[in-house]
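Line by line, the protein sequences are chains L and R.
The opening residue of the first sequence carries number 1005 in our numbering; numbering runs sequentially from there.
The opening residue of the second sequence carries number 0 in our numbering; numbering runs sequentially from there.
Working notes, beginning with the structure itself.
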Amino acid sequence: MLLLFFITAVLMVVLIFLLRNRTITKFISIGYAIMHILLSVYCWSNQNFTELRYFTFNSTGVLLLSILSVLAIPTLYHGFIYTRGNDLKKFNIYHGALITLMTFMSGAYLANGMTVLWIFVEATTLAVALLIYHDRTEMALEATWKYVFICSAGIALAYLGILFLGFIYGREDAASLTFSSLSVLINQANPMYLKIAFLFVLIGFSTKMGLFPMHTVTIDAHSVAPPPVSALISTTLMNVGFLAIYRVYTLFSSSSILPFMNRVLIFAGLLSLLVAAGYMLKAKHLKRMLAYSSLENMGLVAIATGVGGSGYYAAILLIVLHSFAKSSLFYQMGQLSRVLGTFRLDDCGNYMKLYPAGSLVLITGLFCILAIPPSGLFISEFLMMKGLVNNGQWFVLITAIILLCFVIYAMSTRFMHIIFSNPRQYPEFTPSGKVRPVETVTQFLLLGVVIAICFYQPQFLVDIINQSLSLLPR
Amino acid sequence: MIIYLIVLFAVTLIYLASAERLLNYVRLIAIQGLLLCGIALLELKDVNTANLVFIVAETLLFKTLLIPYLLSAIIGKSGVTKVHRQAIPGFYLLLFSIGAMLLSVVLANSLINPFINTIYMTIALYTLFTGLLLIVTHRLIISHLIGFLIIENAVFIFSLAVGSEMPMLINIGILLDIFVGVLILGFFGLRLKPNTNELTMLKD
Chain L
1005 MLLLFFITAV LMVVLIFLLR NRTITKFISI GYAIMHILLS VYCWSNQNFT
1055 ELRYFTFNST GVLLLSILSV LAIPTLYHGF IYTRGNDLKK FNIYHGALIT
1105 LMTFMSGAYL ANGMTVLWIF VEATTLAVAL LIYHDRTEMA LEATWKYVFI
1155 CSAGIALAYL GILFLGFIYG REDAASLTFS SLSVLINQAN PMYLKIAFLF
1205 VLIGFSTKMG LFPMHTVTID AHSVAPPPVS ALISTTLMNV GFLAIYRVYT
1255 LFSSSSILPF MNRVLIFAGL LSLLVAAGYM LKAKHLKRML AYSSLENMGL
1305 VAIATGVGGS GYYAAILLIV LHSFAKSSLF YQMGQLSRVL GTFRLDDCGN
1355 YMKLYPAGSL VLITGLFCIL AIPPSGLFIS EFLMMKGLVN NGQWFVLITA
1405 IILLCFVIYA MSTRFMHIIF SNPRQYPEFT PSGKVRPVET VTQFLLLGVV
1455 IAICFYQPQF LVDIINQSLS LLPR
Chain R
0 MIIYLIVLFA VTLIYLASAE RLLNYVRLIA IQGLLLCGIA LLELKDVNTA
50 NLVFIVAETL LFKTLLIPYL LSAIIGKSGV TKVHRQAIPG FYLLLFSIGA
100 MLLSVVLANS LINPFINTIY MTIALYTLFT GLLLIVTHRL IISHLIGFLI
150 IENAVFIFSL AVGSEMPMLI NIGILLDIFV GVLILGFFGL RLKPNTNELT
200 MLKD
C-alpha cells in the first residue's frame, strides 16, 4: 500500500506538470487528498506493521499522519482559492509542490529509522522552499533563502546527532537501524554520546519544530508564504520536527540521561515562551504574530514533555489540537487579506462589519489557541501544569504562567482591534474584497473539533495517545 | 598516507579562518573536496562499486568541481573580492579557530570509543566548529554559504569515522545535502545580492 502511495504521488506530480491543465490539476489534488485519507485508514487498521523495510505504522506516526489527512482537504480548498488568479505555471508549481510536501511529511511520520526520517525531513525543505517562493517577490526570495539555509544547516547538525547514534552501535550499518533495534543498545551506551546526540538532534530538528533557538526560520517564512502553506508549516511540518525529537527522546528515555533531556527541554521551552511573549507584544504583522503563537505552543509542548508523567499526554494532545486551531486561523488570515488587503495590524480594522463570519472564526480561534475554556487546549495545558505542581517545579510553573499572561494580552488586544476598531493608519478605509461565508465552514469545523475535545475525548484518541506513550517511563 | 591528507585538511581549515579573499575560499573548498576524495578512497576498503561511484561523484564532481564553479560565478557576479565587512578581524578569527582546534582535540579524546577513529572525530569536530565560526562571525551571504559547505564536509568526515564501509543510506543522505547545497548556490546565490548583508526586509 505504501509503495503504491509513493508511486501514485510521484505520478500525480508528473501528470500535473505534463498535462498543464487547471481542472486536471484540481482533480489530481483532490484525488491525492482522498488517497491520503485511505492511507491513514490503512495505517490505523494495520498498526505496528512494517512495510518497505524502512516504514512502520506505529501509533505516534499514524496519529500525526491522520492530522495531515484531515488538514489536506481544507489546505487544498483554500489553496485553490488563493491560486485562482495565478497563471497556469505558478498554479501547477504550487499544487505540485504541495503534494510533494505532503508526501514527504507522510514518509517522515512513518519512517522507522533515524536516517530515513532525516532524509524525508531534509526533502520537505525543498518542497517548502518552492511554496514560500510562490509570490516571486524580493521578500519571498529573502524568506526562502533564510528558510533553506538555516534548515539545511540545522538538519546537517541533526545528521551529526544521528551519526553519534551510529557511534554507539559501532558498525557501519548503524544508520540503517530501526528505532526498536537501537533501543536495545541504549543502556550499554556512554551517556556522554547520548547527551551529545540528543543536543544535536534537538537543535537540528528545532528548525522544523520551530523551537528556540532555531525558531526565526519559520517566523520569516510565515510572513510571505501563502496562508494555506503557513497553515501546513505551522502545524503538520512542526509536527514532523516534534516527531523526530520525540523519537530520540523516547529512545533515550530508558537511559540515565532522562533527567538531562527533561532539563534541556524545559529550558528550551521556557526560552521559546519568553521569545514568543516578547515578540508578540511588538508584533505588527498578523501572520508573524500567529507564527510566534506557534513558537509559544511548541515551547509548551517541550515543557510538557520535559515534565514527564501526565505531561507526556498533554504534549501529544497539545500537538493534535494546536494543529487544528492554528491551521484554521491561518486559513482565516487568507480570507482576512482578501477582505482587508493587508496583514499589517495598523491597516486592519472593522472586520466584524466587513466579514462577520471571519470575525467569529477569529474570536473562536483566539479562545482555542489561548487555551481558554471551552478550548481543548485547556485540558493539555492544565495537565502540563498539574505535572509541574506534582514535580514541585514551581519556578517553571510561575514563569510559564507569567509569560502566558503576556501572550494572552498581546493576542487578545490585537484580535479585538482587528475585529472591532477602526484601522489606525487610514480610519476611513473601506476595502472592496469579498469572501463568501461558505468558504469559512472548514475553519468552523476544525475549531469545533478543538472545542469538542474539551468536553469529550473519544476513546480511539485516548488509546492511540496512550499507545504513543507506552515506551516512556510513567 | 591518510594521516597526511587529514593534516592537509586541517591546514585548509586554518587557512579558511584567516583568509579574506573570496577566491581563496573557493580554492580551499575545491582542495577540501579533493582531499575528502583521497581520504574516502583510502579509508573505505570494503566498499562496493555503486558506493564507490557515489563517493567519487560526491567528492570530485560536486565538492571539487561543481560547487567551486558556482561559487566563482557568484563572486564574479557580485564583483566583490574580499570579505571586507566581516564582524571581527581575521586575526581574532584565527585565534578562535585555534581555540576550536584545541576544543576538538579535548572533546574527541574525552569521547574515546572502541568503534570510532579519534583522528576522524577530531578533524570532523574541528571542521564543524570552523563552519559554524564562519557563519557566526561573517556577515556576507557568500561567507555563510561557505560556512554551510564546510559543515557539509564535517558531516562527510563524521560518516567516515564510523567504519570502513559507507552504507548507501548515508550516501543518499549526504548526496541530498549536497543537492540542497547546489540548490542554495545555484538558485539563491545567483539571485540574492551576495556582496551585501542586507537581508533585513523581514523583521518585527
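Glycine included, C-beta positions come from ideal geometry on N, C-alpha and C.
Where does residue i fall in DSSP's three states?
{"i": "R:Lys-81", "result": "strand"}
{"i": "R:Glu-19", "result": "coil"}
{"i": "L:His-1138", "result": "helix"}
{"i": "L:Gly-1214", "result": "coil"}
{"i": "R:Phe-114", "result": "coil"}
{"i": "R:His-143", "result": "helix"}
{"i": "L:His-1289", "result": "strand"}
{"i": "L:Arg-1418", "result": "helix"}
{"i": "L:Thr-1346", "result": "coil"}
{"i": "L:Phe-1059", "result": "strand"}
How would you call residue i, buried or exposed, if buried means at least 16 neighbouring beta carbons within 10 angstroms?
{"i": "L:Pro-1230", "result": "buried"}
{"i": "L:Phe-1424", "result": "exposed"}
{"i": "L:Trp-1398", "result": "exposed"}
{"i": "L:Arg-1251", "result": "buried"}
{"i": "R:Asn-116", "result": "buried"}
{"i": "L:Thr-1027", "result": "exposed"}
{"i": "L:Met-1420", "result": "exposed"}
{"i": "L:Met-1338", "result": "What sits at residue 1338 of chain L in the sequence shown is Gly, not Met. L:Gly-1338 is buried by the Cβ-count criterion."}
{"i": "R:Glu-42", "result": "buried"}
{"i": "L:Tyr-1036", "result": "buried"}
{"i": "L:Gly-1380", "result": "buried"}
{"i": "L:Ile-1427", "result": "It is worth fixing the name first, because residue 1427 of chain L is Pro in this sequence and not Ile. Classification of L:Pro-1427: buried, given that the 10 Å Cβ count is 16 or more."}
{"i": "L:Asp-1224", "result": "buried"}
{"i": "L:Thr-1029", "result": "buried"}
{"i": "L:Arg-1510", "result": "Because residue 1510 of chain L is not part of the residues shown, which for chain L are 1005 to 1478, the question remains open."}
{"i": "L:Lys-1291", "result": "buried"}
{"i": "L:Val-1125", "result": "buried"}
{"i": "R:Met-0", "result": "exposed"}
{"i": "L:Met-1297", "result": "Per the sequence presented here, residue 1297 of chain L reads as Ser, with Met not at that position. By the neighbour-count rule (16 or more Cβ atoms within 10 Å), L:Ser-1297 is buried."}
Find the nearest neighbour of residue i within the set the options, judged by alpha-carbon distance.
{"i": "R:Ala-123", "options": "R:Pro-113, R:His-137, R:Asn-108, R:Thr-136", "result": "R:Asn-108"}
{"i": "R:Ala-56", "options": "R:Ile-115, R:Leu-69, R:Leu-35, R:Glu-42", "result": "R:Leu-35"}
{"i": "L:Ile-1270", "options": "L:Ser-1234, L:Gly-1310, L:Leu-1121, L:Gly-1111", "result": "L:Gly-1310"}
{"i": "L:Ile-1412", "options": "L:Gly-1245, L:Met-1284, L:Phe-1168", "result": "L:Met-1284"}
{"i": "R:Lys-62", "options": "R:Gln-31, R:Ser-71, R:Ser-77", "result": "R:Gln-31"}
{"i": "R:Leu-12", "options": "R:Ser-71, R:Met-120, R:Thr-129", "result": "R:Thr-129"}
{"i": "L:Leu-1274", "options": "L:Ile-1261, L:Thr-1403, L:Met-1242, L:Tyr-1317", "result": "L:Thr-1403"}
{"i": "L:Ile-1159", "options": "R:Ile-173, R:Ile-141, R:Ser-142", "result": "R:Ile-173"}
{"i": "L:Leu-1358", "options": "L:Leu-1407, L:Val-1066, L:Ala-1112, L:Arg-1440", "result": "L:Arg-1440"}
{"i": "L:Gly-1165", "options": "L:Gly-1208, L:Glu-1300, L:Leu-1473, L:Arg-1267", "result": "L:Gly-1208"}
{"i": "L:Leu-1092", "options": "L:Thr-1104, L:Leu-1069, L:His-1138", "result": "L:His-1138"}
{"i": "L:Tyr-1253", "options": "L:Leu-1299, L:Ser-1332, L:Leu-1080, L:Ala-1306", "result": "L:Ala-1306"}
{"i": "L:Glu-1443", "options": "L:Leu-1340, L:Cys-1409, L:Leu-1465, L:Gln-1463", "result": "L:Leu-1340"}
{"i": "L:Glu-1142", "options": "L:Ser-1049, L:Arg-1478, L:Phe-1334, L:Ser-1227", "result": "L:Ser-1227"}
{"i": "R:Leu-175", "options": "R:Phe-155, R:Ala-160, R:Phe-187, R:His-137", "result": "R:Phe-155"}
{"i": "L:Arg-1267", "options": "L:Asn-1395, L:Leu-1102, L:Phe-1059, L:Phe-1448", "result": "L:Asn-1395"}
{"i": "L:Ala-1361", "options": "L:Pro-1378, L:Leu-1374, L:Tyr-1335", "result": "L:Tyr-1335"}
{"i": "R:Tyr-14", "options": "R:Pro-113, R:Leu-92, R:Phe-114, R:Val-179", "result": "R:Leu-92"}
{"i": "L:Phe-1246", "options": "L:Val-1188, L:Ile-1320, L:Ala-1281", "result": "L:Ile-1320"}
{"i": "L:Asn-1025", "options": "L:Thr-1060, L:Leu-1449, L:Ile-1457, L:Phe-1095", "result": "L:Phe-1095"}
What residues in the stretch 134–152 of chain R have a beta carbon less than 9 Å from any beta carbon of chain L? Ile-134, Ile-140, His-143, Leu-144, Gly-146, Phe-147, Ile-150, Glu-151
Can you pull out the residues from the stretch 1183–1198 of chain L whose beta carbon lies closer than 8 Å to at least one beta carbon of chain R? Asn-1194, Met-1196, Tyr-1197
Output needed in chain order: residues of the stretch 1110–1123 of chain L with a Cβ under 7 Å from some Cβ in chain R. Thr-1119, Trp-1122, Ile-1123
What are the complete alpha helix (DSSP H) segments, minimum 4 residues, inside the stretch 1066–1147 of chain L? 1092–1114, 1118–1136
May I have a chain-ordered list of the alpha helix (DSSP H) segments no shorter than 4 residues that lie completely inside the stretch 1184–1254 of chain L? You should have 1195–1213, 1220–1228, 1231–1236.
Pick out the complete alpha helix (DSSP H) segments inside the stretch 1028–1057 of chain L, 4 residues or longer, and give them in chain order. none
Within 9 Å of chain R by C-beta, residues of the stretch 1141–1168 of chain L in sequence order: Glu-1142, Met-1143, Leu-1145, Glu-1146, Ala-1147, Thr-1148, Trp-1149, Lys-1150, Val-1152, Phe-1153, Cys-1155, Ser-1156, Ala-1157, Ile-1159, Ala-1160, Leu-1161, Tyr-1163, Leu-1164, Ile-1166, Leu-1167, Phe-1168
Contacting positions in the stretch 1255–1278 of chain L - beta carbon closer than 9 Å to chain R: If the cut-off is 9 Å between Cβ atoms, the stretch 1255–1278 of chain L has nothing near chain R.
What ranges does the beta strand (DSSP E) occupy inside the stretch 1357–1442 of chain L, keeping only unbroken runs of at least 3 residues that lie completely in it? none
Of the residues that make up the stretch 1284–1306 of chain L, which ones have a beta carbon closer than 8 Å to any beta carbon in chain R? Going along the stretch 1284–1306 of chain L in chain order, one finds Lys-1286, Ala-1287, Lys-1288, His-1289, Arg-1292 with a Cβ nearer than 8 Å to chain R.
Can you list, in chain order, the stretches of the beta strand (DSSP E) that have 3 or more residues and sit fully within the stretch 1258–1288 of chain L? none
Could you name the residues of the stretch 1398–1423 of chain L whose beta carbon sits closer than 7 Å to any beta carbon of chain R, in the order they occur along the chain? none
Proximal residues, the stretch 101–119 of chain R versus chain L, C-beta separation under 8 Å: Ser-109, Leu-110, Asn-112, Pro-113, Phe-114, Ile-115
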